[in-house]
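Be aware that the sequence shown starts at 406, since it is given in the working numbering, and climbs by one per residue. For reference, the structure is listed below as structure tokens.
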Amino acid sequence: MRTSRHATLPHVRRIATASAAAVVGLALTMGTVTTPAQAQDLVPQSDKEAKKMVEDRQAEDSSSLNRSNVPEGVSVEQAKKAIEKSDEITTADVEYAAALEDLPDSGVPEDFYKTPATLPDENGGVVKQVASKFYLDPAKLIEHSAKSETFMYKTTDEEGTARAATATLLTPEGAKEDAEDAVVIAPGTQGIADKCAPSRQMGMGTEYEGVSVTSALAAKRPVVIVDYVGLGTEGAHSYLNRVEEGRSVLDAARAAREVKGSSINADTKLQLRGYSQGGQATAAALELKKDWAPELNVASASAGAVPTDLYETVSGLSSVYTAFALYGVDSFARQADVDMTKYLNQKGLDAVDRASNQCTIEALVSNAFLDTDTLTKDGTSFQKLIEDNFLEVADKQKLGQAEIPDIPLLVNHSHLDDVVPFALGKELASTWCDAGHKVLFRDNLGPTHIGGYIATVPRIEIFTNRTFAGKAPVDSCWRL
Numbered sequence: 406m407r408t409s410r411h412a413t414l415p416h417v418r419r420i421a422t423a424s425a426a427a428v429v430g431l432a433l434t435m436g437t438v439t440t441p442a443q444a445q446d447l448v449p450q451s452d453k454e455a456k457k458m459v460e461d462r463q464a465e466d467s468s469s470l471n472r473s474n475v476p477e478g479v480s481v482e483q484a485k486k487a488i489e490k491s492d493e494i495t496t497a498d499v500e501y502a503a504a505l506e507d508l509p510d511s512g513v514p515e516d517f518y519k520t521p522a523t524l525p526d527e528n529g530g531v532v533k534q535v536a537s538k539f540y541l542d543p544a545k546l547i548e549h550s551a552k553s554e555t556f557m558y559k560t561t562d563e564e565g566t567a568r569a570a571t572a573t574l575l576t577p578e579g580a581k582e583d584a585e586d587a588v589v590i591a592p593g594t595q596g597i598a599d600k601c602a603p604s605r606q607m608g609m610g611t612e613y614e615g616v617s618v619t620s621a622l623a624a625k626r627p628v629v630i631v632d633y634v635g636l637g638t639e640g641a642h643s644y645l646n647r648v649e650e651g652r653s654v655l656d657a658a659r660a661a662r663e664v665k666g667s668s669i670n671a672d673t674k675l676q677l678r679g680y681s682q683g684g685q686a687t688a689a690a691l692e693l694k695k696d697w698a699p700e701l702n703v704a705s706a707s708a709g710a711v712p713t714d715l716y717e718t719v720s721g722l723s724s725v726y727t728a729f730a731l732y733g734v735d736s737f738a739r740q741a742d743v744d745m746t747k748y749l750n751q752k753g754l755d756a757v758d759r760a761s762n763q764c765t766i767e768a769l770v771s772n773a774f775l776d777t778d779t780l781t782k783d784g785t786s787f788q789k790l791i792e793d794n795f796l797e798v799a800d801k802q803k804l805g806q807a808e809i810p811d812i813p814l815l816v817n818h819s820h821l822d823d824v825v826p827f828a829l830g831k832e833l834a835s836t837w838c839d840a841g842h843k844v845l846f847r848d849n850l851g852p853t854h855i856g857g858y859i860a861t862v863p864r865i866e867i868f869t870n871r872t873f874a875g876k877a878p879v880d881s882c883w884r885l
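Right, here's the structure in full:
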């Protein structure tokens with residue numbers, strides 16, 4: 406039940422905040438699309454500039470926060486603490502998350518996401534589709550001109566069970582009737598609740614992958630955005646499960662050819678791309694392709710900030726990102742069939758349950774600096790909990806150990822990434838080089854995990870255009 410504050414002035418103020426944030430995001434997006442090189446102005450070009458940018462973020466003023474512009478699931482004190490003690494979360498992030506609570510649904514009917522009694526025999530078979538929207542702002546003032554279709558398709562989870570998953574196909578104005586090339590985007594961490602699915606958020610104007618999506622659409626090529634198994638549809642989303650994420654990507658690409666009105670066909674050259682969780686899904690799709698979808702015409706791939714080793718990634722997480730650890734424990738427990746009531750106290754169970762129903766920004770703010778030692782019955786950390794119970798699950802998600810297609814590869818990573826260790830990205834690029842692949846490794850100084858993402862967008866588009874044109878990218882293997 407909404408409280409009365411949502412029906413008064415704060416409601417208007419919160420929507421205005423979302424609109425203002427969207428305008429800033431749109432300016433960034435359009436700047437990236439129209440003049441890729443200028444986007445680099447947003448990224449520090451030296452260690453000194455990077456340090457200054459981090460210091461500026463740490464100096465963010467949280468005094469404007471009050472009960473009207475902080476998400477319901479977060480206390481004002483929590484929000485202020487997250488801002489004052491970190492450079493990862495800003496006042497604008499908090500106000501934006503609060504504004505999203507007042508927005509209407511995505512526009513895709515809720516019953517669209519319900520799995521029918523029967524599914525197609527083949528993986529990638531289309532179950533149904535519906536016209537959808539792609540807004541660039543949460544006030545729905547700016548709708549992208551691309552034709553948007555959300556579709557459901559059949560895939561298979563790690564246990565061999567047929568599952569329905571969803572994705573969105575965007576076809577830009579001016580695109581050719583038979584697409585020569587197209588981009589398949591595996592999104593970064595959205596959360597593990599159904600409401601966080603990209604297909605839902607795109608219709609609300611709240612999808613942060615809109616930066617990459619809009620950039621790809623500007624080149625007049627179709628774009629497929631994947632939701633992943635259990636993200637939007639019934640059943641659990643197995644967060645960071647390489648098999649289910651990789652299959653979701655490949656089967657969405659297959660299904661896109663069957664969507665009514667699609668310009669993607671069997672001859673269309675595809676690029677797989679993703680960052681963070683999306684980078685993991687992209688790399689996993691490459692490793693699974695030979696056996697799972699050998700017919701797909703994948704021409705190149707871009708993987709950024711790839712968590713190739715989940716244990717090492719979780720072990721290095723700062724307390725700002727406790728939400729990611731909560732997502733992981735929730736998912737790992739289900740995959741390992743572990744009863745968490747044996748290990749977590751009530752505070753811990755409540756924290757996992759709360760995070761599992763929050764999308765990324767709200768989950769980060771409400772759980773920032775939460776000491777995981779206080780969540781377990783014996784006072785051990787989540788790292789120890791994972792070591793003792795989930796190491797086998799985490800090890801199954803390791804990447805860089807399987808054969809991948811012989812195609813141009815781009816690996817992006819920021820030296821200042823505070824979620825996925827930079828060494829993992831460099832190691833993945835080196836591993837692919839050792840296997841005989843040509844790899845373009847692009848490091849940058851984008852501050853924090855998100856800063857590294859923004860820094861990659863213009864470089865990805867240059868790589869994409871060159872590889873689709875049949876030009877070989879620069880080979881970085883000599884320096885790795």
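For each residue, glycine too, the CB sits at the ideal point set by N, CA and C. Note that the structure is predicted; figures quoted are calculated from it, not measured.
*Pull up the DSSP beta-bridge partners for GLU554, would you.*
ALA536 and LEU574
*Hey, could you find the ends of the alpha helix (DSSP H) PHE363 is sitting in?*
With the chain running from 406 to 885 in the structure shown, residue 363 is simply not present.
*contact_flag[the region 665-679, the region 765-775] where n(CB pairs < 8 angstroms) is 3 or more*: no
*Contact between the region 809-827 and the region 676-695: three or more CB pairs below 8 angstroms?*
yes
*asked:* Using only the alpha-carbon positions, how far apart do SER643 and GLN740 sit?
replied: 7 angstroms
*Which runs of the beta strand (DSSP E), 3 residues or longer, sit entirely within the region 666-745?*
674-680 and 703-709
*Residue ranges of each alpha helix (DSSP H) within the region 582-623, 4 or longer*: 603-607 and 615-622
*Taking 9 angstroms as the cut-off, decide whether the C-beta atoms of LEU845 and ALA688 are in contact.*
no
*asked:* Please return the same chain residues whose Cβ sits closer than 7 angstroms to the Cβ of ALA780, not counting the five positions on each side in sequence.
replied: Here residue 780 is Leu; the residue named in the question, Ala, does not match the sequence. So the qualifying residues of the chain are LEU749, ASN750, LYS752, GLY753 and ALA756.
_Contacts around THR718, its chain only, beta-carbon distance under 6 angstroms, and the 5 residues preceding and following it disregarded_ = PRO712 and VAL825
*C-alpha gap between ASN849 and HIS818, whole angstroms*: 6 angstroms
*Please look up how many angstroms separate the CB atoms of TYR858 and GLY709, rounded, as I've assumed it's under 8 angstroms.*
7 angstroms
*Apply the 10 Å Cβ neighbour rule to ASP839 and answer buried if 16 or more other Cβ atoms are within range, or exposed otherwise.*
exposed
_Buried versus exposed call for ASP823 [16 or more other C-beta atoms within 10 Å across all chains shown]_ = buried
*Which residues does DSSP pair with THR869 in a beta bridge?*
THR869 pairs with nothing; no bridge assigned.
*Within the same chain, show all residues whose beta-carbon is closer than 6 angstroms to that of ALA484, passing over the 5 residues directly before and after it, in chain order.*
LEU470, VAL475, VAL499 and VAL770
*For GLU554, the nearest candidate out of VAL531, TYR680 and THR573 (CA to CA)*: THR573
*Secondary structure at PHE774, three-state DSSP: helix, strand or coil?*
coil
*Using the C-alpha atoms, what's the distance from ALA698 back to ALA421?*
Residue confidence is low: ALA421 scores 44 on pLDDT, short of 50, so the model does not pin down where it sits. No coordinate-derived value is stated.
*Would you give the residue range spanned by the beta strand (DSSP E) that VAL648 belongs to?*
Unbroken run through VAL648 is the alpha helix (DSSP H), 647-661; no beta strand (DSSP E).
*Are there 16 or more other CB atoms within 10 angstroms of the CB of SER550, so buried, or fewer, so exposed?*
exposed
*Reduced DSSP secondary structure (H/G/I, E/B, other) of ALA432*: Bear in mind that the predicted position of ALA432 carries a pLDDT of just 33, short of 50, making it unreliable; the figure below should be weighed with that in mind. Three-state result, ALA432: helix.
*Going by the beta-carbon positions, is the gap between TYR558 and ALA567 smaller than 9 angstroms?*
no
*DSSP three-state call for LEU749: helix, strand or coil?*
strand
*When DSSP labels each residue in this structure, what does THR566 get in the three-state scheme?*
coil
*Whose C-beta lies closer than 7 angstroms to the C-beta of PRO521 among residues of the same chain, with five residues either side of it excluded?*
VAL532
_Contacts around VAL879, its chain only, beta-carbon distance under 7 angstroms, and the 5 residues preceding and following it disregarded_ = LEU845
_Which of the three DSSP states is assigned to ASP848 in this structure?_
strand
_SER537 beta carbon less than 9 angstroms from that of SER604_ = yes
*Report yes or no: do three or more beta-carbon pairs, one from the region 625-635 and one from the region 577-597, lie closer than 8 angstroms?*
yes
*Environment of GLU866 [buried if 16+ CB atoms lie within 10 Å]*: buried
*Quick one: what's SER819 bridged to in DSSP?*
ASN849
*Contact check, ALA502 vs ILE766 under 8 angstroms by CB: the rounded distance?*
4 angstroms
*Per DSSP, what kind of secondary structure is ILE630 in: helix, strand or coil?*
strand
*Strand pairing of THR561, partner residues [DSSP]*: ALA567
*Just grab the DSSP bridge partners of LEU814 for me.*
ALA706 and VAL844
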